[in-house]
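What follows is a set of notes on a single structure, which appears directly below.
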Amino acid sequence: MVVLTAGCEGGRQLSGGELRRLAIARALLHDAPLMLLDEPTEGLDAATESQILHLLADVMRDKTVLMVTHRLRGGF
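Numbering follows my numbering, with no gaps: position 47 of the sequence shown is 39.
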């Protein structure tokens, strides 16, 4: 499980979208066979959401992904 604090030591606070993108990047670098995602694109603009969902579909192709979302879109 990847847990992030709300800010950075000695730096500025990260936005919700920045925290989500950072958490997804860290999870992808971990290269686990299973990824659990709870609202991974909440608070992101449509273009960034699309990029992240396509990246996840490509990178996690042979792995198990469990995603909880309120905005599942066709074509993913």
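Beta carbons: idealized from backbone N, C-alpha and C, even for Gly.
Between the C-alpha atoms of I44 and T33 there is a straight-line separation of about 8 Å.
D30 carries a strand assignment under DSSP once its states are collapsed to helix, strand and coil. Take the alpha-carbon of L14 and the one of E31: they are about 14 Å apart. In this structure, the alpha-carbon of T40 lies about 16 Å from that of L29. The beta carbon of G8 sits closer than 6 Å to the beta carbons of G35 from its chain, once the five residues preceding and following it are set aside; these are given in chain order.
Taking the C-beta atoms as reference points, P25 is found nearer than 8 Å to T56. The three-state secondary structure of T40, taken from DSSP, is helix.
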